[in-house]
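One structure is given below, encoded as structure tokens.
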Amino acid sequence: MTKNATPAHISAKTLLPAAINGWEMFLLDQGRSPNTVKAFLSDVRLLTQFTPPEQTIGAVTTDDLNRFFDWMEKGRGVACSPKTLSRRITSIKSFFRWLHQHGTLAIDPAEKVLQRSAISPLPQVLTEDEYESVLLIADRHRRSKKPDSRPYTLVALLLSTAIKKSECLGIHVNHVELESKNGPYLFVRYASPANRYKERKIELQEDWVASYNEYLAQYQPIDQAFPWSPRRLEYLLEDIGEEAGLEKHLSFDMCRWTCALRDYQSGIEPDKIRQKLGVSKIQWRELFIKLKQLNGELK
21 MTKNATPAHI SAKTLLPAAI NGWEMFLLDQ GRSPNTVKAF LSDVRLLTQF
71 TPPEQTIGAV TTDDLNRFFD WMEKGRGVAC SPKTLSRRIT SIKSFFRWLH
121 QHGTLAIDPA EKVLQRSAIS PLPQVLTEDE YESVLLIADR HRRSKKPDSR
171 PYTLVALLLS TAIKKSECLG IHVNHVELES KNGPYLFVRY ASPANRYKER
221 KIELQEDWVA SYNEYLAQYQ PIDQAFPWSP RRLEYLLEDI GEEAGLEKHL
271 SFDMCRWTCA LRDYQSGIEP DKIRQKLGVS KIQWRELFIK LKQLNGELK
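Under the numbering used here, the first residue of the sequence shown is numbered 21, with each subsequent residue one higher.
The following block contains the structure:
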């Protein structure tokens, strides 16, 4: 079997379990991770619990699949969250698309099955007062008897750039450009070529630069800008949140969403916010809905 074909023995008359086994061979041949293959197969094999044992892949219709997903959601007797259902629809669409694209099926029965998006709960954000309190407390650490510039440098960076935890941990000292003629910026970079589309430049605020210079002098990082474990930085954020009197747990995600919402409220064009967040246009659809909900525009 080539990397772009179905096994020669699979035809429209092949029974569903045998076709699924052929798809497993294809996925592994494509270099998919064992966990990814396991998840795909687990989803698609549920279809064999719903269809008759003698069901051939060529006899599966769009109506069959829609009934299957209704059964999955309401009739199977096993809880199926919107997120899980959405993933299973994606898996089955991928399976039948493979059969259709490589000539085994003349018609893809899953093509017209509607994808059901699973909108996750709204994220928490800082109110204006909470935002000011967090920065004030973090700044006090810079100006205490034993000055510590790290809390403000970290928190102010997250609240102004909206970078994710993994991106923060991936910052190297040479990713921060302070002498650019267009002003200071952070270059968010990725080691994996698969994530190159997420790389971007984000403008830095002048008052953050002052803190960052203090931080460099105090901690003298050699390579990684924040050379601590993810959990240590999470604790640092939580400590600042507690000192600021928050009832919420200050986190990387909360800072990211707070920054995005403040940018949106300040009139920055949505597509510029998308680019700043480093997300695709497809991912942005759900994120933008959430931003509007957080801003009180949508119920």
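Ideal Cβ placement from N, Cα and C applies to all residues, glycine included.
Scanning its chain for C-beta atoms nearer than 7 Å, with the 5 sequence neighbours on each side dropped, one finds around L85 the residues I112, P129, A130 and V133, in chain order. The Cβ-Cβ distance between A158 and Y172 falls below 7 Å. Collapsing the DSSP output to three states places L178 in a helix. Excluding residues up to 5 positions away in sequence, V208 and G298 lie with their Cβ nearer than 6 Å to the Cβ of R220 in the same chain. Residue range K301 to L314 is occupied by the alpha helix (DSSP H) that includes I309. Assigned with DSSP and collapsed to three states, E317 falls in coil, not helix or strand. Segment contact: the region 138-153 against the region 239-250, fewer than three CB-CB distances shorter than 8 Å; contact not assigned.
Proximity to L67 across N55, P54 and L35 peaks at L35, based on C-alpha coordinates. Within the model, the alpha-carbon separation for L257 versus D90 is close to 43 Å.
With a cutoff of 7 Å on beta-carbon distance, S114 and R136 are scored as not near each other.
Taking L61 as the centre and dropping the five residues before and after it, the same chain places the C-beta of I40 and E44 closer than 7 Å to its C-beta, in chain order.
Counting C-beta pairs with one atom in each stretch, the region 280-289 and the region 259-268 have fewer than three that are closer than 8 Å, which means they do not touch. By the CB criterion at 7 Å, Y205 and E197 fall inside the cutoff. Inclusion of I222 and K296 in the CB contact set at 7 Å is warranted, their separation being smaller than that value. Comparing alpha carbon positions, the residue from A99, Q144, D83 and N55 closest to L314 is Q144.
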